[in-house]
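Under UniProt numbering, read the sequence shown as residues 1 to 262, first letter to last. Notes follow once the structure below has been shown.
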Amino acid sequence: MPPRSLQTAALGMQAQQTSIDNIANNLSNANTTGYKRSRVVFQDLLYENVQASAEGQTDGAEPAELQIGSGTTAVATVRNFSQGSFSKTGNSLDLAINGDGFFQVQQPDGSLAYTRDGTFTLSSEGNIVTQTGLKVQPNINVPPNAVEISIDQEGTVKARLQGESEMVELGQMELARFPNSAGLRPQGGNLYEQTESSGEPFIGTPGRGGLGNVRQGFLEKGNVKVVQEMTSLIQAQRTYELNSRMVTTSDEMMQTANNVKR
């Protein structure tokens with residue numbers, strides 16, 4: 001049977017590899033609109049009572065036991081939904097949320113997904129959609145003869161039609177807010193889906209009920225802090241190397257023990 005230290009160090013290397021994989025994903029999305037960085041959560045594994053506590057102590061102290069742990073494992077990734085900085089684009093359909101909340105989009109199967117990425121455009125039918133063609137909900141249709149689109153901080157969409165001087169109201173955007181945003185499950189494509197952990201969404205008008213305001217002509221950058229991620233990368237790499245050294249040390253000790261038997 002291999003020594004406990006060999007198994008524990010191997011688990012440590014596996015855990016740090018998971019951490020490095022997560023850091024690599026954060027860094028690769030540093031310039032992704034609305035991306036929220038994540039971190040890996042670790043837990044120690046089962047402990048074994050190698051030796052029971054000594055009996056007969058009279059000083060009233062709690063008897064100590066000899067326990068050896070089995071290493072560590074990655075159990076979850078926790079996403080940080082702190083606000084990213086804004087980038088001005090000047091495009092009328094680029095929107096950023098200043099505060100809490102998510103845009104709602106309808107997926108091909110009819111279910112709703114949620115995003116902080118407000119890089120919107122118009123479909124061939126005039127609907128406001130994401131870059132992949134998903135309709136923003138509530139659905140708002142822009143007439144083909146619209147020459148100007150205005151979206152105020154409360155999400156009211158207006159357009160000036162060709163030959164007209166007054167703006168015409170087209171619809172009202174709504175945002176979704178969750179009791180526990182960290183419980184949302186990422187789907188890829190800058191989308192999140194609701195889970196039991198996230199809770200039921202509160203749907204409302206931007207700027208009301210704790211929801212953030214809408215900023216037209218801006219996009220929210222990802223909240224990845226490159227310097228912080230590089231520091232975490234160095235720490236994970238060093239920890240991986242130490243666990244690798246432990247594997248080598250355990251192997252050398254096994255060889256020494258085998259030589260003694262000879």
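Note that beta-carbon positions come from the ideal geometry of N, C-alpha and C, so glycine has one too. Small disclaimer: the values here were computed from a predicted structure and weren't measured.
I need the DSSP call for residue i, collapsed to helix, strand or coil.
| i | result |
| --- | --- |
| residue 273 | Residue 273 lies beyond the range of the chain shown here (1 to 262); nothing can be said about it. |
| Ala-64 | coil |
| Leu-77 | Inspection of the sequence shows that residue 77 is occupied by Thr rather than by Leu. Three-state DSSP puts Thr-77 in a strand. |
| Asn-49 | strand |
| Thr-72 | strand |
| Gln-255 | helix |
By the DSSP assignment, the alpha helix (DSSP H) with residue i in it spans what residues?
| i | result |
| --- | --- |
| Leu-6 | 4-28 |
How about residue i and residue j: do their beta carbons lie closer than 8 Å?
| i | j | result |
| --- | --- | --- |
| Arg-116 | Asn-80 | no |
| Asn-29 | Val-224 | yes |
| Pro-108 | Gly-126 | no |
| Arg-185 | Glu-196 | no |
| Pro-206 | Phe-178 | no |
| Ala-9 | Met-246 | yes |
| Gln-216 | Leu-134 | no |
| Met-167 | Ala-176 | no |
| Val-147 | Leu-170 | no |
| Asp-44 | Thr-72 | yes |
| Ile-151 | Val-214 | yes |
Sort the options by Cα distance to residue i and report the nearest one.
| i | options | result |
| --- | --- | --- |
| Val-226 | Ala-9, Gln-7, Ser-5, Asn-31 | Asn-31 |
| Glu-154 | Gln-172, Asn-145, Pro-143 | Gln-172 |
| Phe-42 | Val-75, Thr-18, Gly-34 | Val-75 |
| Ala-113 | Ala-159, Leu-191, Leu-161 | Leu-191 |
| Ala-236 | Met-13, Tyr-35, Leu-6 | Met-13 |
| Ser-111 | Val-136, Glu-229, Thr-121 | Val-136 |
| Lys-88 | Thr-33, Ala-257, Asp-100 | Thr-33 |
| Leu-122 | Gln-7, Gly-101, Asn-145 | Asn-145 |
| Thr-132 | Leu-219, Thr-239, Asn-49, Thr-119 | Thr-119 |
| Tyr-47 | Leu-66, Arg-39, Val-40, Tyr-35 | Leu-66 |
Tell me the residue span of the beta strand (DSSP E) that contains residue i.
| i | result |
| --- | --- |
| Phe-102 | 102-106 |
| Arg-39 | 38-44 |
| Tyr-114 | 112-115 |
| Asn-98 | 95-98 |
| Ser-87 | 86-88 |
Please determine whether the Cβ atom of residue i lies at a distance below 7 Å from any heavy atom of the ligand ATP.
| i | result |
| --- | --- |
| Phe-218 | Only the bare structure without any ligand can be found here, which leaves the ligand ATP out of the picture. |
In chain order, what are the residue ranges of uninterrupted beta strand (DSSP E) at least 3 long that sit wholly in the region 188-249? 191-193, 202-204, 213-216, 218-220, all fully within the region 188-249.
Please give me, in chain order, every unbroken run of the beta strand (DSSP E) with length at least 3 that falls completely inside the region 120-191. 135-137, 146-151, 156-161, 167-172, 175-177, 185-188
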